[in-house]
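So the sequences go chain by chain: C and S.
Going left to right, the first sequence walks through residues 3 to 480 as the numbering used here numbers them.
Going left to right, the second sequence walks through residues 343 to 575 as the numbering used here numbers them.
Encoded as structure tokens, the structure appears first; notes follow it.
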Amino acid sequence: MASKARKIVINPVTRIEGHAKVTIRLDENGKVDKARMHIVEFRGFERFVQGRMYWEAPVIVQRLCGICPVSHLLCASKAMDIVAGVDKLTPTAEKMRRLLHFGQTYQSHALHFFHLSAPDLLLGYDADPAIRNVIGLAVEHTELAVQAVKMRKWGQEIIKATSGKKIHGTGSIPGGFNKNLSIEERDFLLKDVDQMIQWAVDGLNLYKELYMKDIDTLGPLGSFESNDVSIVREDGALDIYDGKLRARDKDGNDIFDMVEPVEYYKYIKEGVRNWSYMKFPFIVSLGQEKGWYRVGPLSRVNNCDFIDSPIAEKERQEFKALGKGRPVHSTMAYHWARLIETVHSAEKIKELLGDPDLQKDDLLLTGERRPEGIAIIEAPRGTLFHHYRVDENDQITMANLIVSTTSNNQPMNESVRIVAEQYLEGEKITEPLLNLVEVAIRAYDPCLSCATHAVGQMPMHVTLIDADGNMLDEKVRD
Amino acid sequence: MDKIAIIIDGKEVEAKAGQTIMETAIAAGIYIPHLCYQEELAPGGHCRVCTVLVNGRPQSSCTHPAAEGMVIDNDTPELLEERRRIIEMLFVEGNHICPFCEKQGNCELQALAYRFGMIVPTLPYLHRKIEVDATHPDVFIDRNRCVLCGRCIRASRDVDGKNVFGFEGRGPQKSIALNTKGALSDTQLDAADKAASICPTGSIVVKRVGYAIPYGKRKFDKEPIGSEIEKAK
Chain C
3 MASKARKIVI
13 NPVTRIEGHA
23 KVTIRLDENG
33 KVDKARMHIV
43 EFRGFERFVQ
53 GRMYWEAPVI
63 VQRLCGICPV
73 SHLLCASKAM
83 DIVAGVDKLT
93 PTAEKMRRLL
103 HFGQTYQSHA
113 LHFFHLSAPD
123 LLLGYDADPA
133 IRNVIGLAVE
143 HTELAVQAVK
153 MRKWGQEIIK
163 ATSGKKIHGT
173 GSIPGGFNKN
183 LSIEERDFLL
193 KDVDQMIQWA
203 VDGLNLYKEL
213 YMKDIDTLGP
223 LGSFESNDVS
233 IVREDGALDI
243 YDGKLRARDK
253 DGNDIFDMVE
263 PVEYYKYIKE
273 GVRNWSYMKF
283 PFIVSLGQEK
293 GWYRVGPLSR
303 VNNCDFIDSP
313 IAEKERQEFK
323 ALGKGRPVHS
333 TMAYHWARLI
343 ETVHSAEKIK
353 ELLGDPDLQK
363 DDLLLTGERR
373 PEGIAIIEAP
383 RGTLFHHYRV
393 DENDQITMAN
403 LIVSTTSNNQ
413 PMNESVRIVA
423 EQYLEGEKIT
433 EPLLNLVEVA
443 IRAYDPCLSC
453 ATHAVGQMPM
463 HVTLIDADGN
473 MLDEKVRD
Chain S
343 MDKIAIIIDG
353 KEVEAKAGQT
363 IMETAIAAGI
373 YIPHLCYQEE
383 LAPGGHCRVC
393 TVLVNGRPQS
403 SCTHPAAEGM
413 VIDNDTPELL
423 EERRRIIEML
433 FVEGNHICPF
443 CEKQGNCELQ
453 ALAYRFGMIV
463 PTLPYLHRKI
473 EVDATHPDVF
483 IDRNRCVLCG
493 RCIRASRDVD
503 GKNVFGFEGR
513 GPQKSIALNT
523 KGALSDTQLD
533 AADKAASICP
543 TGSIVVKRVG
553 YAIPYGKRKF
563 DKEPIGSEIE
573 KAK
């Protein structure tokens, strides 16, 4: 072998929602040159909805995913509100949608932290993968594992009470909502709400302790400085259901702010690469090379000016101090921010359950039909864009979805490259390297099934490749 | 003779002169599963789901008149199997994607599949490519979900007096045609017509209703299809 350049491939990457393959390419001096997470799933929902009636879109596109279908249900509903000519929902309909969304965010975040990520944190990054999983967690930390199941269940009960089913329900329809919340449903959810807030706070405290104890390792693990994109409420508050687009650079300065969702395409475009079915969105003013950005809990908590629930706001301020006046860029701080949002979701659920508007019957509005609908929502994993065109027969002619994991595509590649730089020794893929690559990817809570409207495989496959394209090492883990 | 005595599943029931087996059974609180039969319309005899054994011979109960002394088998494992098979064939012939169909929970085809215990079709799907006609401002026809029951044809002809729909083609090519060379918007169909609301599946649907009925309140959410007949007596 003439050249010394190398490539490492990790395939499959485990405990993320979907399947992926990682390639690490070395230069001629044996240093890490590039890292790529290849997405090999094919979906095609943007094509499936073409020709279907516009009110079917929310129920069709939510089937992109079994983890956060509610995000797609709601985002498509919001876009189709516009198509149906409805600019402002009734208070009951909007609050039902918000309750549904907070329920989903709570269960999705709880699942991700406690079941997908906690095994790394509590059992050790170097623990045998055979026990470093949810079963191992249940054996070693039974109480925590059971509590996590109950948290997820409660979130799912909220989804059921609002959308009719725990997965792939209806509820949200263009122009409003199809039911209100009965007193029985309200009381059933209320009886556990304080416990759920407390467990979320306990989870946050647990992570803060783990992070601070090991900050020298976790702080820089797969970390880099990046732009952040999210929606925020008009007053700057964290708002995961509705708001305007804000992008901030690595120093926390605005790249753009208060951009109306309908204008998103002037500010964010999508690029493609020949080695992944996932697209690569970028901020137009910065160009394709420099315009990539992060989304999700870290970006949302960085970008917002405040959080309108008391415990989460106090926690945000403490989190903010980590950045010393700048945004927090630590990849592993995603978990921290995610748990702040878990607390916030539970606090807002309590507030909503106490709101008598949820028992009112004014649910649905109609208006004058429009040809196009664009909406943005903050899914648990980050900013989600839905864009549709509808013809005069009410049939969809075009759909474009930019999902959060797509936005985090380039950041995940960066994290893998940095972990490889930090931990690769020689030409072999060691078990610790494999684990840390997974840990860094997992921090983003990537959901590859919905990110690939283009093709789906993440149990993990990693290959190490030299500058001439020769494979030096390969590890596969199902 | 005004009163006719027949036996259905071992139970003696009374029919009036001119009544079909189906009408007799419904009046007696006996459910004979059916799909193309609709009590407001003349019977069509298209789907054969209501096939029973009359003195041992298969007959469609919606078209067959009751006659003195008939012995009818309806609720037998063999007939259930035949009926399940018919429903299964209808599923694979069309493109019935219940999870996102707005008729889900109110669809008679889906309800029959549940009642018959059809978990998944065992026959291969035909995967036919069929376009939706949504040109009409208030109604769309999606032939992906058509089971050729002909209810729309009978309703338009006999109730609405319009003859908007008819059958064309034979065998696998058979489909619901319009009484125009153009599209649904070129017909006289009105959203208030019987034909616009009588489809047992999601094939002819009034627009912009969508998923307005929440889970738990849809027609077949609480009880299986046929329960209303069985409970009436």
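We put the CB at the ideal spot given by N, CA and C, even for glycine.
Computed from a prediction, not measured in an experiment: that's the story for all the values here.
Considering residue 197 of chain C, what are the terminal residues of the alpha helix (DSSP H) in which it resides? In the first sequence, the residue the question calls residue 197 of chain C occupies position 195. Membership of residue 197 of chain C in the alpha helix (DSSP H) is indicated by the continuous run 195-215.
Which residues DSSP lists as bridging residue 272 of chain C, in chain order: Counting from one through the first sequence, the residue named residue 272 of chain C turns up at place 270. Answer by DSSP bridge pairing, in chain order: C:283.
Might you give, ordered along the chain, the residues of its own chain that have their beta carbon closer than 6 Å to the beta carbon of residue 402 of chain C, omitting 5 neighbours on each side? Along the first sequence, one-based indexing puts residue 402 of chain C at 400. Apart from sequence neighbours up to five positions away, the residues of its chain that approach residue 402 of chain C with a beta-carbon distance below 6 Å are 389, ordered along the chain.
Span of the alpha helix (DSSP H) around residue 477 of chain C: Position 475 of the first sequence, counted from the first residue, corresponds to residue 477 of chain C. Residue 477 of chain C -> not in any alpha helix (DSSP H); beta strand (DSSP E) instead, spanning 473-478.
At a CB distance below 8 Å, what residues from the stretch 439-472 of chain S approach chain C? Give them in sequence order. Of all residues in the stretch 439-472 of chain S, those with a C-beta nearer than 8 Å to a C-beta of chain C are 441, 442, 444, reading in chain order.
Which residues, in order along the stretch 45-72 of chain C, keep a beta-carbon less than 7 Å from a beta-carbon of chain S? Going along the stretch 45-72 of chain C in chain order, one finds 53, 55, 57, 58, 61, 62, 65 with a Cβ nearer than 7 Å to chain S.
Compute the beta-carbon to beta-carbon distance between residue 111 of chain C and residue 72 of chain C, rounded to the nearest angstrom, for a pair I have assumed lies under 8 Å. By one-based count along the first sequence, residue 111 of chain C stands at place 109. By one-based count along the first sequence, residue 72 of chain C stands at place 70. Actually they do not touch by this definition, with Cβ atoms about 13 Å apart.
How many whole angstroms separate the CB atoms of residue 34 of chain C and residue 51 of chain C, which I take to be in contact at a CB cut-off of 8 Å? Within the first sequence, the letter at position 32 stands for residue 34 of chain C. Within the first sequence, the letter at position 49 stands for residue 51 of chain C. Actually they are not in contact, since the Cβ atoms of residue 34 of chain C and residue 51 of chain C sit about 41 Å apart, beyond 8 Å.
Judging by CA-CA distance, which residue of C:442, C:472, C:223 is the nearest neighbour of residue 39 of chain C? As a first step, residue 39 of chain C must be located in the first sequence, where it is residue number 37. Scanning C:442, C:472, C:223 for the CA closest to the CA of residue 39 of chain C turns up C:442.
Shorter than 7 Å from the beta carbon of residue 182 of chain C to some beta carbon of chain S? Here residue 182 of chain C refers to the residue found at position 180 of the first sequence. Taking Cβ atoms only, chain S never reaches closer than 7 Å to residue 182 of chain C, which makes this a no.
Going by the CB atoms, is the gap between residue 101 of chain C and residue 172 of chain C shorter than 7 Å? Locating residue 172 of chain C in the first sequence gives position 170, where the first residue counts as 1. Locating residue 101 of chain C in the first sequence gives position 99, where the first residue counts as 1. No, these two residues do not count as a Cβ contact at 7 Å.
Tell me residue 393 of chain S's beta-bridge partners as DSSP assigns them. As a position in the second sequence, residue 393 of chain S is number 51, starting the count at 1. For residue 393 of chain S, DSSP records a beta bridge to S:402.
Got a sec? Which residues, its chain only, sit under 6 Å from residue 346 of chain S by beta carbon, not counting five neighbours each side? The residue given as residue 346 of chain S occupies position 4 in the second sequence. So the qualifying residues of the chain are 357, 408, 410.
Report the three-state DSSP secondary structure of residue 397 of chain C (helix, strand or coil). In the first sequence, residue 397 of chain C corresponds to position 395, counting from 1. Strand, per DSSP.
Touching or not, the stretch 348-363 of chain C and the stretch 304-316 of chain C, by the rule of three or more beta carbon pairs under 8 Å? By the Cβ rule, the stretch 348-363 of chain C counts as touching the stretch 304-316 of chain C, because three or more pairs are nearer than 8 Å.
Given a threshold of 16 other Cβ atoms within 10 Å of its Cβ, counted over all protein chains shown, does residue 497 of chain S qualify as buried or as exposed? Translated into positions along the second sequence, residue 497 of chain S becomes position 155. Residue environment: residue 497 of chain S is assigned as buried (16 or more neighbouring CB atoms within 10 Å of its CB, all protein chains considered).
Only counting the same chain, and skipping five residues up and downstream in sequence, which positions put a Cβ closer than 7 Å to that of residue 275 of chain C? Here residue 275 of chain C refers to the residue found at position 273 of the first sequence. Excluding residues within five positions, the ones whose Cβ falls inside 7 Å are 282.
Using three-state DSSP, classify residue 299 of chain C as helix, strand or coil. Residue mapping note: residue 299 of chain C aligns to position 297 of the first sequence, counting from 1. Looking at residue 299 of chain C - three-state DSSP - the assignment turns out to be helix.
On the premise that residue 247 of chain C lies in contact with residue 378 of chain C, defined as a C-beta separation below 8 Å, what is that separation, rounded to the nearest angstrom? Within the first sequence, residue 378 of chain C is the residue found at index 376, counting from 1. Within the first sequence, residue 247 of chain C is the residue found at index 245, counting from 1. With a Cβ gap of about 7 Å, residue 378 of chain C and residue 247 of chain C count as contacting.
DSSP three-state label for residue 348 of chain C, please. Numbered from 1 along the first sequence, position 346 holds the residue referred to as residue 348 of chain C. The three-state secondary structure of residue 348 of chain C, taken from DSSP, is helix.
Can you list the residues of chain S that residue 172 of chain C reaches, using a CB-CB cut of under 7 Å? If you number the first sequence from 1, residue 172 of chain C lands on position 170. The contacting residues are 553, 556, 557.
Near-chain C residues of the stretch 517-551 of chain S (beta-carbon distance less than 7 Å), N- to C-terminal order: So the list reads 549, 550, given in the order they occur along the chain.
Under 7 Å between C-beta atoms, does residue 166 of chain C make it to chain S? As a working note, residue 166 of chain C is residue 164 in the first sequence. With 7 Å as the cut-off, residue 166 of chain C counts as an interface residue toward chain S.
By the 10 Å Cβ neighbour count, where 16 or more other Cβ atoms means buried, how is residue 468 of chain S classified, buried or exposed? Mapped onto the second sequence, residue 468 of chain S falls at position 126. The Cβ neighbour count for residue 468 of chain S, taken over all protein chains shown within 10 Å, is under 16; the residue is labelled exposed.
Does the Cβ-Cβ distance between residue 113 of chain C and residue 154 of chain C come in under 7 Å? Numbered from its first residue, the first sequence carries residue 113 of chain C at position 111. Numbered from its first residue, the first sequence carries residue 154 of chain C at position 152. Yes, Cβ-Cβ distance for residue 113 of chain C and residue 154 of chain C is below 7 Å.
For residue 205 of chain C, which option in C:96, C:435, C:338 has the closest C-alpha, if you only look at C-alpha atoms? Taking the first sequence and counting its residues from 1, one reaches residue 205 of chain C at position 203. Cα-wise, what sits closest to residue 205 of chain C is C:338.
Is residue 35 of chain C helix, strand or coil by DSSP? For the purposes of this step, residue 35 of chain C is taken as the residue at position 33 of the first sequence. Reduced to three states, the DSSP call for residue 35 of chain C is strand.
From the DSSP secondary-structure annotation, give me the bridge partner or partners of residue 381 of chain C. Within the first sequence, residue 381 of chain C is the residue found at index 379, counting from 1. Paired residues: C:384.
Residue 357 of chain S - partner residues in DSSP beta bridges: Taking the first residue of the second sequence as position 1, residue 357 of chain S is located at position 15. The beta-bridge partner set that DSSP reports for residue 357 of chain S consists of S:346.
Hey, is the stretch 357-374 of chain C in contact with the stretch 75-85 of chain C, meaning 3+ C-beta pairs nearer than 8 Å? Because the criterion of three Cβ pairs below 8 Å is met, the stretch 357-374 of chain C and the stretch 75-85 of chain C touch.
For residue 175 of chain C, return the contacting residues in chain S, with the cut-off set at a CB-CB distance below 7 Å. Taking the first residue of the first sequence as 1, we reach residue 175 of chain C at position 173. By Cβ distance, chain S contributes 552, 553, 554.
Find out if the Cβ-Cβ distance for the pair residue 160 of chain C, residue 105 of chain C is shorter than 7 Å. In the first sequence, residue 160 of chain C corresponds to position 158, counting from 1. In the first sequence, residue 105 of chain C corresponds to position 103, counting from 1. If you check the CB distance, residue 160 of chain C and residue 105 of chain C come in under 7 Å.
Mind reading off the beta-carbon distance from residue 410 of chain C to residue 382 of chain C? Whole number of angstroms is fine, and I expect it under 8 Å. The sequence position of residue 410 of chain C within the first sequence is 408, counting from 1. The sequence position of residue 382 of chain C within the first sequence is 380, counting from 1. Not confirmed; about 12 Å, so no contact.
Rounded to whole angstroms, what's the CA-CA distance from residue 366 of chain C to residue 302 of chain C? Just pull it up for me. Position 364 of the first sequence, counted from the first residue, corresponds to residue 366 of chain C. Position 300 of the first sequence, counted from the first residue, corresponds to residue 302 of chain C. Looking at the two C-alpha atoms, the distance is approximately 30 Å.
Examine chain S for any beta-carbon lying closer than 7 Å to the beta-carbon of residue 397 of chain C, and answer yes or no. In the first sequence, residue 397 of chain C corresponds to position 395, counting from 1. Closer than 7 Å to the CB of residue 397 of chain C there is at least one CB belonging to chain S.
Taking 7 Å as the threshold (beta carbon to beta carbon), is residue 476 of chain S in contact with chain C? The count along the second sequence starts at 1 and reaches residue 476 of chain S at position 134. With 7 Å as the cut-off, residue 476 of chain S counts as an interface residue toward chain C.
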